[in-house]
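Q: Residue numbers 27 to 435, in our numbering, belong to the letters of the sequence shown in order.
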Amino acid sequence: MYRQSEQSTSTVSRLQGMNDLSEDAWRQKLVLQERVYELLRSYGYQYLETPVLEPTELFIRKSGGQLASQLYSFTDAGSNSVSLRPEITSPIMRHYLENSTNIQLPARWQYCGPVFRFDASHPGASGQFTQAGAEFLGSSEIAADVELLSLAVELPAKLGLDDWSLKLADLDVLDSLLDPIGVSERARSFIIQSMPSLSEGRSVVPEFLEQGRHLHLVGTLNGPVESEDAALRQAVEGLDDKQAKSVLLGFLRWNSADQLGQRTPEDVVERLLNKIKGADNEDKLRQGLELASDLASIRGEPVSALSTVKAILGSASANQDAVDRLAKVVQEMSNRAGTKSQISLDFSLVRDLAYYNGVIFEVSHSSWPGTLGGGGRYDTLSRALGASNAVPALGFAYNLDALVAVGAK
């Protein structure tokens with residue numbers, strides 16, 4: 027006779043951010059997914075389904091530290107580091123690179139499926155949600171930017187949403203502003219990620235300059251260095267980064283391979299090289315932060331905002347090509363009925379994925395606390411994933427669950 031144990035056991039609950047879906051809710055979501063599919067298909071975007079599980083490296087090559095910390099990752103039975111996908115753009119590019127000999131560019135794909143992100147600082151934002159989006163590979167023309175932006179704004183309108191808005195920026199404009207100063211790539215990445223806070227004005231620059239010192243962004247091979255690092259600096263003087271990393275890796279494996287803990291030798295070498303071979307002096311970093319702060323404070327109606335940006339670029343003797351290109355994109359979008367009043371520029375905007383360059387954008391709704399979706403251009407992602415040549419590309423993705431929540435139909 028079966029006898030239930032008297033020992034009490036707690037109920038196993040679902041993970042935070044992982045939600046069950048009733049049949050009614052599932053049907054509502056399915057109808058919305060089908061409407062998105064039909065709209066994108068009418069513009070020539072073919073459906074592509076990619077695996078939920080991918081090599082971890084696919085997502086950390088160019089996605090940036092923020093996304094890397096949000097991965098649901100583990101080592102499988104074959105000792106492979108794998109992750110649940112946190113986004114679908116990188117898998118789409120991976121698909122193209124694996125099959126490029128059989129794919130003619132430009133190529134247009136759409137997708138819809140679950141993605142997974144863990145956020146320790148905001149547990150409520152962790153978990154699983156559904157992304158629906160489109161990717162356009164193979165064109166660097168303004169027409170491609172306009173096509174994707176037009177789709178991104180047509181989608182909420184076609185789904186019955188009125189109170190939406192789109193914020194637009196262009197990272198190439200920031201690059202143009204920083205080019206005359208000559209700051210390093212590491213410093214550029216630091217400045218880009220700091221743009222939301224730099225929008226508060228130049229008064230916050232000292233705080234970020236101190237962060238730059240802490241991250242060893244400041245200093246050159248001819249500057250001061252801690253005595254214990256002096257010999258290593260001398261060893262890599264005159265070498266490019268690849269050669270310097272090879273030398274340091276050899277020293278590390280020979281001298282301290284058993285003292286690394288959970289860090290890989292490559293991780294340690296990367297940090298050490300950043301420390302002893304900083305590429306920016308303090309004046310350059312300060313100037314870059316100040317100009318970026320001026321740019322980040324510009325937001326609002328596109329024509330007025332672009333005029334202010336051009337004035338800043340002019341005073342810095344910076345190239346105007348990027349802002350002229352953005353002005354053409356804005357003009358094309360403004361010519362489309364029903365969108366002019368809902369599009370604004372915001373140069374403090376950055377995306378949470380480091381592979382973006384050029385035009386970036388986010389779509390918001392008054393009834394949703396975060397963004398409904400967003401995207402931009404990512405011309406450098408292909409090279410980061412191993413391609414010999416850059417593949418110009420751009421795309422966007424919407425949070426389908428958020429669209430349902432704000433009443434899309």
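Quick reminder that beta carbons are idealized off the backbone N, C-alpha and C, glycines included. Just so we're clear, the structure is a prediction, and the values are computed from it rather than from any experiment.
Give me the Cα-Cα distance between Glu388 and Thr397, rounded to the nearest whole angstrom.
A: Near 7 Å, if we compare the C-alpha coordinates of Thr397 and Glu388.
Q: Measure from the C-beta of Leu274 to each C-beta in chain D and report whether the shortest distance is under 8 Å.
A: The displayed structure is made up of one protein chain only, and chain D is not part of it.
Q: Report yes if the C-beta distance between Glu327 and Val172 is below 8 Å; otherwise report no.
A: For Glu327 and Val172, no; Cβs fall outside 8 Å.
Q: Does the segment 108-118 touch the segment 70-85, meaning 3 or more C-beta pairs lie closer than 8 Å?
A: Short answer: they touch.
Q: Please classify Asn383 as buried or exposed, where buried requires at least 16 neighbouring CB atoms within 10 angstroms.
A: So Asn383 ends up on the buried side.
Q: Should the segment 164-178 be regarded as contacting the segment 44-57, the criterion being three or more beta carbon pairs within less than 8 Å?
A: Judged by Cβ distances under 8 Å, the segment 164-178 makes no contact with the segment 44-57, as fewer than three pairs qualify.
Q: Quick one: what's got a C-beta closer than 6 Å to Ala413's C-beta in the same chain, skipping five residues either side?
A: So the qualifying residues of the chain are Leu123.
Q: Locate the beta strand (DSSP E) running through Asp17, then write down its first and last residues.
A: Because the chain is modelled from 27 through 435, residue 17 falls outside the range shown and cannot be assessed.
Q: Sort Val294, Trp394 and Arg403 by Cα distance to Arg377 and report the nearest one.
A: Checked all of Val294, Trp394 and Arg403; the closest Cα to Arg377 is Arg403.
Q: State the DSSP-derived secondary structure class of Ile129, mapped to helix, strand or coil.
A: Note: Ile129 maps to coil in three-state DSSP.
Q: On the criterion of 16 or more Cβ atoms from any shown chain inside 10 Å, does Val329 qualify as buried, or is it exposed?
A: Classification of Val329: exposed, given that the 10 Å Cβ count is below 16.
Q: Cβ atoms of Ser89 and Ala380: under 8 Å apart, would you say?
A: Contact: yes.
Q: Report the rounded CA-to-CA distance for Asp306 versus Val273, giving the unit in angstroms.
A: Roughly 22 Å separates the two Cα atoms.
Q: Pull up the distance between the alpha-carbon of Gln237 and that of Asp372, whole angstroms please.
A: Looking at the two C-alpha atoms, the distance is approximately 24 Å.
Q: Pick from Val62, Arg228 and Pro112: whose alpha carbon is nearest that of Ala158?
A: For the residues Val62, Arg228 and Pro112, the minimum Cα distance to Ala158 belongs to Val62.
Q: Once DSSP output is grouped into helix, strand and coil, what is the label at Trp394?
A: Of the three classes helix, strand and coil, the one that applies to Trp394 here is coil, per DSSP.
Q: Short check: CB of Val244 to CB of Leu311, under 8 Å?
A: A contact, by the Cβ cut-off of 8 Å.
Q: To the nearest angstrom, how far is it from the Cα of Asp189 to the Cα of Ala434?
A: Spanning the two alpha carbons is a distance of roughly 11 Å.
Q: Who are the near neighbours of Val356 in its chain, counting only those whose CB is closer than 6 Å to its CB and skipping five residues on each side?
A: Excluding sequence neighbours, Val356 sits near Pro328.
Q: Within a Cβ cutoff of 7 Å, which residues of the same chain sit near Pro250, ignoring the five residues on either side of it in sequence?
A: With a pLDDT of only 48 at Pro250, under the threshold of 50, the placement of this residue in the model should not be trusted, and no figure is reported.
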